[in-house]
Amino acid sequence: MKNRLTFFLPVNTGYVTEGLPDHRFLDFYSGRSSASLYCAIVGNVVVPGGHGSNSSTPVLSDAPIWGQIAEAIKVAGSKPGVQLATAWQGYTGNKKFRSSEPKVFLSEARQLVDQMDADAIEKVLRSFELGAHIAIEHGFEHIQIHAAHGYLLSLLVDQRINHRAAVVLDRLVILAEQIKSRGAESSIRISMRTGDEVFDSVGMNIFHDSIVRLPFDFIDLSSGFYNVDKRLIYPATSTFIESRFLESVRLGIRHPHRPFIISGHVSAKNWDDMAPNLHPGLCRDLIANPNFLSEHKNGCRNYSKCHYYSRGTDSLTCGRWTKK
Ligand SMILES: Cc1cc2nc3c(=O)[nH]c(=O)nc-3n(C[C@H](O)[C@H](O)[C@H](O)COP(=O)(O)O)c2cc1C
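For the working numbering, count along the sequence shown from 1 and bump the result up by 995.
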């Protein structure tokens, strides 16, 4: 992965005490940051006034711990980044990996956004603006907007779910420009697919292109909606890994002048042949082995212990990495 910008992608660790990241959170990120890692994106962090995806998701605030985390990542050698997100009141993540009723989630998602008036949508976008402002004040130098995995923004930006998506995309242009004007780098994370085959079979390229046009510095390509099919979010079998990889590479080829972050066990790929606009995003390999970038081995073995929420526990553990 030489000459590429390597990202540590967002992880909801659950290392939170009374709503704030604790020492486990700080140690987890600083222990994985280094001169070999371009940027560590702390995830996922709820915007002020927003809603967490589970009870151990931290909310961004003026608490000094946020600045300490940004500083610790920077001192260790990486650019401190943060992923800003919100779900909605009453959101509950599925414990099962694959929903038995994906269509129900998508139809409820349409109803949810239909019921939001222009003021409610504007309030959500303002909370992202405020979140970005607070994060930059704390010293975060990369702001990622979480518009993936079926959380609120992923519903709002997709014309197939929200018929007023164009308004939201216009507001995201302003947000990306604000982040740039404050001197920080930006990215937007999307799910290329939801995991519902019927939904995904219509209008997918149009949706992708509408996001690629936004002036974020990077487009981070994830896949899957949490309440539709999580196997796309954390691909573990070769079928899921390959299809996500090919879809990411094709999108990168269609937009050769736009930088993309691609992920899904990508450390095993041959990066020498990859288009220059693609950058590796790693997650489980770095969870499993904080020194993965210098050792290039002993990464994730898909033991699945890290899926703490699905397993009914409240914070991340790993079958290979043991906390000191
Ligand atoms: C335990 C765990 C928590 C995750 N939390 C988040 C999150 O908060 N936000 C997000 O966008 N992705 C999250 N992801 C997805 C990862 O960022 C990444 O896209 C995915 O694991 C695929 O990359 P990998 O194959 O290198 O692990 C999480 C993944 C894992 C394993």
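Here a beta-carbon is modelled for each residue, glycine too, at the ideal position from N, C-alpha and C. Every value quoted in this text rests on a predicted model; they were computed, and no experiment measured them.
Quiz item: Any heavy atom of ligand 1 closer than 7 Å to the CB of LEU1229?
Solution: The amino acid occupying residue 1229 in the given sequence is Tyr; Leu does not appear at that position. For ligand 1, at least one heavy atom lies less than 7 Å from the Cβ of TYR1229.
Quiz item: Would the C-beta of CYS1301 count as close to ligand 1, meaning under 7 Å from any of its heavy atoms?
Solution: yes
Quiz item: With a CB to CB cut of under 7 Å and the five nearest residues on each side skipped, what residues in its chain are close to ASP1153?
Solution: ALA1160, PHE1202
Practice problem: State the start and end residues of the unbroken alpha helix (DSSP H) segment that holds VAL1163. | Solution: 1160–1176
Exercise. May I ask you to check if the CB of VAL1041 is nearer than 7 Å to at least one heavy atom of ligand 1?
Key: no
Self-check item: Own chain, CB closer than 6 Å to PHE1211, minus 5 neighbours either side, in chain order
Solution: ALA1171, SER1181, SER1182, ILE1183
Practice problem: Would you list the residues sitting across from GLY1038 in a DSSP beta bridge? | Solution: ASN1007
Quiz prompt | Proximity to VAL1244 [Cα-Cα], best of LYS1264, ARG1093, THR1001 | solution = LYS1264
Quiz item: What residue ranges within the region 1044–1112 form continuous beta strand (DSSP E) runs of no fewer than 3 residues, ordered along the chain?
Solution: 1074–1080
Exercise. Report the three-state DSSP secondary structure of PHE1211 (helix, strand or coil).
Key: coil
Self-check item: Alpha-carbon spacing of ASN1297 relative to TRP1266, whole angstroms
Solution: 22 Å
Exercise. For GLU1124, collect the residues of the same chain with a Cβ closer than 7 Å to its Cβ; drop the 5 residues on either side in sequence, then sort them by chain order.
Key: LEU1170, GLN1173
Quiz item: Which value, in whole angstroms, describes the spacing of the CA atoms of PHE1287 and GLY1294?
Solution: 6 Å
Exercise. Kindly identify the DSSP beta-bridge partner or partners of ALA1144.
Key: Contrary to the premise, residue 1144 reads as His rather than Ala in this sequence. DSSP output for HIS1144 lists PHE1220 as bridge partner(s).
Quiz item: Cβ of THR1052 within 8 Å of Cβ of ASN1007?
Solution: yes
Quiz prompt | Environment of VAL1040 [buried if 16+ CB atoms lie within 10 Å] | solution = buried
Quiz item: Less than 8 Å separating the beta-carbons of GLY1190 and ASP1224?
Solution: yes
Quiz item: Do VAL1077 and ILE1138 have their CB atoms nearer than 8 Å?
Solution: yes
Exercise. Please classify LYS1074: is it buried, with 16 or more other beta-carbons within 10 angstroms of its beta-carbon, or exposed?
Key: buried
Quiz prompt | Extent of the continuous alpha helix (DSSP H) run through PHE1287 | solution = 1287–1290
Quiz item: ASP1195: which of MET1111, TYR1010, HIS1250, LEU1227 sits nearest, CA to CA?
Solution: LEU1227
Self-check item: ASN1089 burial status per 10 Å Cβ neighbour count (16 or more: buried)
Solution: buried
Quiz item: Mapping DSSP to helix, strand and coil, what is ARG999?
Solution: coil
Self-check item: The alpha helix (DSSP H) enclosing GLY1247, as first and last residue numbers
Solution: 1233–1249
Quiz prompt | Rounded C-alpha distance that separates ALA1130 from TRP1061 | solution = 8 Å
Quiz item: Per DSSP, SER1181 forms a beta bridge with which residues?
Solution: ILE1138
Quiz item: GLY1219 and ARG1155 look like a contact to me (Cβ under 8 Å); what is the Cβ gap, rounded to whole Å?
Solution: No, GLY1219 and ARG1155 are not in contact; Cβ-Cβ is about 16 Å, not under 8 Å.
Quiz prompt | Neighbourhood of LYS1175 by C-beta distance below 8 Å, restricted to the same chain and skipping five residues each side | solution = SER1181, PRO1210, ASP1212
Quiz item: Quick one, which of HIS1018, GLU1242, ALA1035 has its alpha-carbon nearest GLN1063's?
Solution: HIS1018
Practice problem: Return yes when the Cβ of SER1025 is within less than 8 Å of the Cβ of ALA1058, no when it is not. | Solution: no
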